[in-house]
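One line per chain: the protein sequences are D and Z, in this order. Heads up: the first sequence begins at 17 in the numbering used here, then just goes up one per residue. Heads up: the second sequence begins at -13 in the numbering used here, then just goes up one per residue. Beneath this line is the structure, given in C-alpha cells, with notes to follow.
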Amino acid sequence: EVQLQESGPGLVKPSQSLSLTCSVTGYSITSNYWGWIRKFPGNKMEWMGYISYSGSTSYNPSLKSRISITRDTSKNQFFLQLNSVTTEDTATYYCARGYTTDYYYADYFDYWGQGVMVTVSS
Amino acid sequence: DIQMTQSPSLLSASVGDRVTLSCKASQSIYNSLAWYQQKLGEAPKLLIYDANSLQTGIPSRFSGSGSGTDYTLTISSLQPEDVATYFCQKYYSGYTFGAGTKLELK
C-alpha cells in the first residue's frame, strides 16, 4: 500500500524558509509524480508543484521564485522548501502522488499524506 | 487561468437522499476532472477521476458525470459517513481546485 507522511516544523518565522519532508513507503518515487498541495484556513486548496519520476520539476507560477522541490531516491523521500514566507503561507501542507497515464505530466492525486499544519508567525 | 466554481458551498441533506454537487470550469477542461472527499482532520480521498471513473475501493453510490465546462458528483443514497467537504480539481492546463462543498446531515 502506498503511504505518504509529511514531517517538519509546525512554526516558522516570517522571512524564513519553510522546509518539509515527505516520506513514501510502498512505492518508489522513481515512478509517477510527487507533489505538494496546501490548504489555507478557509478551505482554499492550492497546488504548489511536483517532482517527476526523473527528477524534473514543475511549479505553480505564483510560487516559482520561492519554491524548490527536491528528492532523495535512496531514502524514498522528497522535500519542499518555500523561501521568504509570510503569514499568508500559513496552511496545512500535504504531499501526494500525482498519477500519470502518459508520463508527460501528472493528472490527479491518488494518494495523500495526512498533512502537516504550518503556522508562520513571529 | 481556468477557474473552478463549486456550488453550493453548503448542502444539507437527509440520509437516503440523492445528492448532487456541481463544479463548473471557466472554459472546457475536456473531462480532466477529479473529485475528492475530505473528512475533518483527514487527508483528501480521491473518489472520481477523468470526470466519471470511480476510484478503486470507492462505494458505487458515488458517481461523476459531465463534459466540457460542467461537471457533477452524485451520491445516490446519502449515508452518515458521507458527511465531508467535497472538492473538484481540474488537471487540464495546470491544476486548480474548487472552493469545496460542505455536505452535512439535515
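Note that CB positions come from ideal geometry on N, CA and C, so glycine has one too. Because the structure is a prediction, the values reported are computed rather than measured.
Original post:
Closest by CA to D/LYS91, which one among D/GLU17, D/GLN19, D/SER39, D/PRO25?
Top reply: Ranking D/GLU17, D/GLN19, D/SER39, D/PRO25 by CA distance to the CA of D/LYS91 puts D/SER39 first.
Original post:
Are the beta-carbon atoms belonging to Z/TYR72 and Z/GLY86 less than 8 Å from one another?
Top reply: Closer than 8 Å, so yes.
Subject >> Beta-bridge partners of D/ARG54, as assigned by DSSP >> reply: Under DSSP, D/ARG54 takes part in a beta bridge, and its partners are D/GLU62, D/TYR109.
Original post:
On the three-state DSSP scale, how would you describe Z/THR60?
Top reply: Judged by DSSP in its simplified three-state form, Z/THR60 adopts strand.
Original post:
Can you pull the DSSP bridge partners for D/ASP88?
Top reply: According to DSSP, D/ASP88 bridges with D/GLN93.
Original post:
Z/SER62 to D/GLN93, Cα distance in whole Å?
Top reply: Taking the straight line from one Cα to the other gives about 39 Å.
Original post:
Helix, strand or coil: how does DSSP classify Z/THR82 here?
Top reply: Z/THR82 carries a strand assignment under DSSP once its states are collapsed to helix, strand and coil.
Subject >> Backbone secondary structure at Z/SER51 - three-state DSSP >> reply: In the structure shown, the three-state DSSP call for Z/SER51 is strand.
**OP:** Verify the CB distance criterion: does Z/PHE83 have a CB-CB separation below 8 Å to chain D?
**Re:** Yes - at least one Cβ of chain D is within 8 Å of the one on Z/PHE83.
Subject >> Closer than 8 Å to chain D by CB, Z/LEU64 >> reply: So no, Z/LEU64 is outside the interface.
Original post:
Which residues mark the beginning and the end of the beta strand (DSSP E) in which Z/SER(-5) is found?
Top reply: First-last for Z/SER(-5): undefined, no H or E at that position.
Original post:
Using 8 Å as the threshold, is the segment 42 to 61 of chain D in touch with the segment 108 to 119 of chain D, meaning 3 or more CB pairs across them?
Top reply: Yes: the two stretches touch, three or more of their Cβ pairs being nearer than 8 Å.
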